[in-house]
Amino acid sequence: RPYCAAGALPRSAAAVAEPDPGKPGDFDFLTGNWKIWNRKLKTGSTKEWDEFPGEATVWAILGGVCSIEELRIPARNFSGMGLRVLDAEKREWSDYWMNAKGGVLGSEGVRGSFENGAGVFISEDNENGKPVQYRGLWDGITKTSCRWSQSVSRDGGKTWEDLWLMQWTRA
3 RPYCAAGALP RSAAAVAEPD PGKPGDFDFL TGNWKIWNRK LKTGSTKEWD EFPGEATVWA
63 ILGGVCSIEE LRIPARNFSG MGLRVLDAEK REWSDYWMNA KGGVLGSEGV RGSFENGAGV
123 FISEDNENGK PVQYRGLWDG ITKTSCRWSQ SVSRDGGKTW EDLWLMQWTR A
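Per the working numbering, the very first residue in the sequence shown carries number 3; after that it's consecutive.
Next comes the structure, spelled out in structure tokens:
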């Protein structure tokens, strides 16, 4: 199965150098058709993982300032859309998500940029009344593969716990 171990991922966004300003085309690597191997931490667990296949089609539009992803996971009767938009003035990307069942585009995009060849996107939230950070990370980017992961930090970004890993392979 095309899966990379969690230990292969950067453990801290702080370990990455100063961000490169966002520019049109940063997400062009994602354009095309993909097969995806998902490994998602089961709800309420810290050790049990659910693994399943998926697929996606991604388009770059508007001269590379927008990337649209259609994610399909037939094994889970699930589909959704990722929308990545570059704020050209701030030179920062926003990453929005929409679940097809709900049909509502997230009002707050997760913001970030590319640093040393990896896209790092951080959002702030609360869990049981305590602050947490979520990190979406695009890394391992080649012409035929890439990896996306979602992690949570409960200590201000010092350590990260992987929640969902997706290994993308070009179809």
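Note that the Cβ used here is the ideal one computed from N, Cα and C, for glycine as well.
Measuring alpha carbon to alpha carbon, tell me which of the options ends up nearest residue i.
i      : options                          : result
Met168 : Met100, Trp36, Asp127 and Trp162 : Trp36
Ile38  : Pro23, Glu50, Lys49 and Thr59    : Thr59
Ser125 : Asn79, Glu117 and Leu139         : Leu139
Val106 : Gly27, Leu85 and Glu94           : Leu85
Val67  : Ser47, Leu73 and Ala90           : Ala90
Gly54  : Thr33, Tyr98 and Pro76           : The residue you asked about is not Gly; residue 54 is Phe in the sequence shown. It is Pro76 whose Cα lies nearest to the Cα of Phe54.
Gly34  : Ser69, Glu129, Leu64 and Gly131  : Ser69
Asn128 : Val154, Gly111, Asp97 and Thr45  : Val154
Lys145 : Tyr98, Glu72, Arg172 and Ile63   : Arg172
Glu110 : Asn130, Arg74 and Trp95          : Trp95
Glu117 : Asp141, Tyr98 and Thr48          : Asp141
Lys103 : Leu64, Leu73 and Arg156          : Leu73
Can you name the residues that DSSP bridges to residue i?
i      : result
Asn128 : Pro133
Leu43  : Trp51
Lys2   : As shown, the chain starts at 3 and ends at 173. That puts residue 2 outside it, with no answer to give.
Gly121 : Phe116 and Trp140
Trp166 : Lys42 and Gln152
Val106 : Answer by DSSP bridge pairing: none, since Val106 is not bridged.
Asp22  : Beta-bridge pairing links Asp22 to no other residue.
Leu85  : Ile70 and Tyr98
Less than 7 Å separating the Cβ of residue i from some heavy atom of the ligand SAH?
i     : result
Trp51 : Looking at this structure, you won't find the ligand SAH or any other ligand, since it has none at all.
If I'm right that residue i touches residue j with Cβ under 8 Å, what's the distance once you round it to whole angstroms?
i      : j      : result
Ser151 : Asp164 : 6 Å
Phe31  : Ile143 : 5 Å
Gly119 : Met100 : Contact flag wrong, Cβ pair sits at about 27 Å.
Leu43  : Trp166 : 7 Å
Leu88  : Pro26  : 6 Å
Gly114 : Gly108 : Contact doesn't hold; Cβ gap of about 14 Å is too wide.
Asn79  : Gly56  : The Cβ separation is near 12 Å, so there is no contact.
Val112 : Phe123 : 4 Å
Going by DSSP, what residue range makes up the beta strand (DSSP E) through residue i?
i      : result
Ser69  : Cys68 to Ile75
Pro55  : Trp51 to Ile63
Trp99  : Glu94 to Asn101
Gly114 : Val112 to Glu117
Arg78  : Looking at the DSSP string, Arg78 is not in any beta strand (DSSP E), and its letter there is neither H nor E.
Val154 : Ser147 to Ser155
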